[in-house]
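To start, the structure under review is shown below, and the notes come after it.
Residue numbers (my numbering): 42 to 410.
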């Protein structure tokens, strides 16, 4: 993470430390996962993950977009993008050419043919590509040229309007905007953005640090600073307000990693400390007032979680995922119980009820009932 008010050299040093910390945490997590017992048997009637073989065991898929029960897109390391249209029975590698050195951390798909994918990293490593033919061809629609910017996540309000967010530049989060479905992007003015806290940034952990609900509302999750915050805009990113959350921060590895809103009022936040073996108390919180205030879950997930999604057509049910398991809430986030101990980084649900998860070692799964 970047410390605000430092020189560019210091910025790069801190970001290097951040990347090394992520790598070390990933290695420790992999070692810990190897010793975990098998996933518990499902209680009668509980939903459960049905793994789908992607054929990409060396790729970590932190980007996921669920179109429906049959169609989903994955994006991950080594510039990889996969697509299925048969419920995960087969996956087509539709990676953009020449992108093998990129890390795709977020993908937003509109249907089986149209999708936008975000690559993260310093300077020109942060890029956006769009396809209109199912990944047969891609067009690069944005390449970051500011050495201080580092883009983390993106979201779309509809098929035309969307935003992407960068870690703070000159003391404020930077917002990119598109009005043509990701074919072109414009940096929004930062006059309506509150000042970032010292050390504050977003987490490019599962494509859910920036989420939207409805035609204009969008929320941004942060961590790394003294307090973990959620920023809210009701005008598509022009002006923002910030609210503290009870999710612990105070360290570059801690904060809110993912958000989900079932409408413009009711939201969930999950996170914690991504380092393997570190405790993550108060790893989940809820809001009922559009993010103006947040309350700790009475029974949070037992560990760090990097992804969260509401189950369609069930007003109080949602899933949270992370390297050590999947948890279910049936009371709108007040309490959570573990369904599975498999490792997943992100989760997404489609309007038809199709829910998907993805993560390390090429993992992908669809939720079954």
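Don't be surprised by glycine CBs; every beta carbon is placed ideally from N, CA and C. Since the model is a prediction, treat every value here as computed from it, not as a measurement.
Its chain contains 117, 146, 246, 247, 248, 386 and 387 as the residues whose beta carbon lies nearer than 7 Å to that of residue 103, once the 5 sequence neighbours on both sides are disregarded; these appear in chain order.
Cβ atoms of residue 305 and residue 356 stay farther apart than 8 Å, at about 14 Å. With a cutoff of 8 Å on beta-carbon distance, residue 135 and residue 148 are scored as not near each other.
For residue 316, no beta strand (DSSP E) segment is defined, and its DSSP state is neither H nor E. Of 115, 241 and 235, the smallest CA-CA separation from residue 398 is found for 115. Residue range 387-390 is occupied by the beta strand (DSSP E) that includes residue 389. When only Cα atoms are considered, residue 143 and residue 176 end up about 16 Å apart. Collapsing the DSSP output to three states places residue 401 in coil. Under the DSSP assignment, residue 195 falls in the beta strand (DSSP E) whose first and last residues are 192-197. A distance below 8 Å separates the beta carbons of residue 170 and residue 182.
A residue is called buried when at least 16 other Cβ atoms come within 10 angstroms of its Cβ; residue 354 does not meet this threshold and is exposed. The C-beta distance from residue 344 to residue 351 rounds to 21 Å, too long to fall under 8 Å, and the pair is not in contact. Residue state for residue 120 is assigned as coil, using DSSP reduced to three classes.
It is roughly 9 Å from the alpha-carbon of residue 206 to the alpha-carbon of residue 250. Each residue's CA atom was taken as its position, placing residue 315 and residue 329 some 26 Å apart.
About 7 Å separates the beta carbon of residue 308 from that of residue 260, a gap short enough to meet the 8 Å contact definition. Within the same chain, 42, 240, 241, 242, 293 and 296 come within 6 Å of residue 265 by CB-CB distance, once the 5 residues on both sides are set aside. For the beta strand (DSSP E) assignment, the uninterrupted runs of no fewer than 3 residues enclosed by the segment 95-147 are, from N- to C-terminal side, 104-107, 113-117 and 121-125.
Around the beta-carbon of residue 276, fewer than 16 other beta-carbon atoms lie within 10 Å, marking it exposed. When only Cα atoms are considered, residue 375 and residue 367 end up about 16 Å apart. Ranking 150, 408 and 190 by CA distance to the CA of residue 166 puts 190 first.
Taking a C-beta distance under 8 Å as the contact criterion, residue 121 and residue 108 do not qualify as a contact pair. The continuous beta strand (DSSP E) containing residue 363 extends over residues 359-363.
Separation of residue 173 and residue 201 (C-alpha to C-alpha, rounded to the nearest whole angstrom) is 13 Å.
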